[in-house]
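So the sequence shown is numbered by numbering that gives the first Met the number 0: it starts at 0 and just counts up by one.
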Amino acid sequence: MKIKVMKILKPKFWHLALPKTIQITKTGWGTYFGPMWTWVDENGTIGEVPSLKQISQEMISYWEERINKSKNPIIKARYAGLVWEFKNKITGTAPSFEICIIYINSLIDISNGDYHKRPIYTIQKLKRALELAIAINNDNLIQETKKAILDFERRHSKDEKPGSWGYSFDLLISNKLVTLSEDEEEEIISNLEAKLERLSTKASEKQKIDPWAAEAAARRLGVYYRKQNKSDEVKRVILNVGEAYNSIIGEASALQVSGWLQHVYSFYSRFGLKEEADEVLLRIRELGPKVASELKPISHSFELPKDKMNEYISEMTTGDLENYTLQDCHPIYTNKTKCKGTNFRLVEKCTFDIFI
């Protein structure tokens, strides 16, 4: 039955367009997308699934045809992205800029329509859209992508989840190819300032002080103020992180506190706060004896029947070294050839099932 399904699907070439099949990864393809799996065999040969050789001119034509027929922006972006990446590499003919424009607009539509299951995936798409809009030097698309980035962060930013915010700063503030108005720049910076204050100094029932999230805001602000030669502002935001750690140190063990302070020391040093970093280093040294006293052995005892022990010793001491090594490792390590063979058979016979 599976073979029959594969015969029906193969001419349509859509299974290779699935996100889990050709995905965003660094490979030797020299493309934005790459294979789902790669490995190196005992001869040093690199294997990959799917292989770049599976992408044909006929497949590119099918993907190109599906771009205009697809209505869902996720599907449209997928096909347009693959054609934009692979058409020239496979056929020797460069794709039209219209393909790239469709790709970028579809990525923006995904963001504006909140099609995501997890915001982080949309953030990746917005980053891709901005890179391409800049690459083709399309000012309108650069502005549209910028707006989508700002709007998406406004809708989905959550203080306790640092991955859900900060990308407006990362993608736009230091990007000389993106024009930000004074109001837009001020909004990005003021949002980070507000987050830093909430996360480092204002504890409530709904939100606890979170030095790790506070650091994500302070790091960006520190970079921003340092570029503007505002050393006092740099010092202020960086020291806020230290205060956030100080507020949670009380109930922690000396070992844990020492680890946190080492991180604070590195953070201070990174932003040139040498005097403050030295003070933290002194605290770490003072904690040394207490840390050592907390390092206590933990033991556990159990009974092993004598006959079982004798059986185990006999297995360990019977035969030569080679046989013993094979016996000892056999329960742990699976036969590589058998394992590879199983994987290859699954890929060949059940490609559709695996990729879904």
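Glycine is no exception: its CB is placed at the ideal position from the N, C-alpha and C atoms.
Since the structure is predicted, the reported quantities are computational estimates derived from the model, not experimental observations.
If you measure between the beta carbons of residue i and residue j, is that distance less than 9 Å?
i       : j       : result
Ile-98  : Ala-128 : no
Val-256 : Leu-280 : no
Ile-119 : Ser-167 : no
Asn-239 : Leu-195 : yes
Leu-106 : Phe-32  : no
Ala-216 : Leu-179 : no
Lys-234 : Phe-266 : no
Ile-133 : Ile-122 : no
Trp-83  : Pro-72  : no
Lys-69  : Tyr-61  : A small fix is needed here, since residue 69 is Ser in this sequence, not Lys. Their beta carbons are not under 9 Å apart, which means Ser-69 does not touch Tyr-61 by this criterion.
Taking all protein chains shown into account, decide if residue i is buried (16 or more other Cβ within 10 angstroms of its Cβ) or exposed.
i       : result
Ala-147 : buried
Tyr-332 : Only weak support is given to the placement of Tyr-332: the predicted model assigns it a pLDDT of 49, under 50, and the question is left unresolved by the model.
Ser-110 : buried
Tyr-311 : exposed
Glu-41  : exposed
Phe-96  : exposed
Arg-154 : exposed
Val-39  : exposed
Arg-218 : buried
Leu-303 : exposed
Lys-124 : buried
Rounded to a whole number of angstroms, what is the C-alpha to C-alpha distance between residue i and residue j?
i       : j       : result
Gln-261 : Ile-283 : 7 Å
Lys-160 : Tyr-224 : 23 Å
Asp-150 : Asp-113 : 11 Å
Leu-176 : Lys-226 : 17 Å
Glu-63  : Ile-172 : 35 Å
Ala-243 : Thr-144 : 35 Å
Ile-66  : Ser-252 : 58 Å
Ile-44  : Lys-86  : Reading off the sequence shown, one finds Thr at residue 44, where the question assumed Ile. So the two alpha carbons sit approximately 26 Å from each other.
Lys-295 : Leu-254 : 12 Å
Ser-298 : Lys-289 : 21 Å
Glu-152 : Asp-209 : 20 Å
Trp-28  : Thr-37  : 12 Å
Ser-55  : Ile-74  : 20 Å
Ser-268 : Leu-170 : 25 Å
Val-48  : Glu-57  : 19 Å
Ser-230 : Asn-245 : 23 Å
Ala-76  : Asn-136 : 19 Å
Gly-221 : Ile-59  : 47 Å
For residue i, write down the residues that DSSP places opposite it in a beta bridge.
i      : result
Ile-45 : Val-39
Restricting to runs no shorter than 4 residues, where is the alpha helix (DSSP H) found entirely within the segment 154-202?
Note on the segment 154-202: whole alpha helix (DSSP H) runs with a minimum of 4 residues are 181-199, in chain order.
Would you mind listing the alpha helix (DSSP H) stretches within the segment 84-144 that are 4+ residues and don't spill past its ends, in chain order?
List check, alpha helix (DSSP H) in window: 96-111 and 118-134.
In chain order, which alpha helix (DSSP H) runs of at least 4 residues are fully inside the segment 205-249?
Complete alpha helix (DSSP H) runs here, min 4: 210-226 and 230-248.
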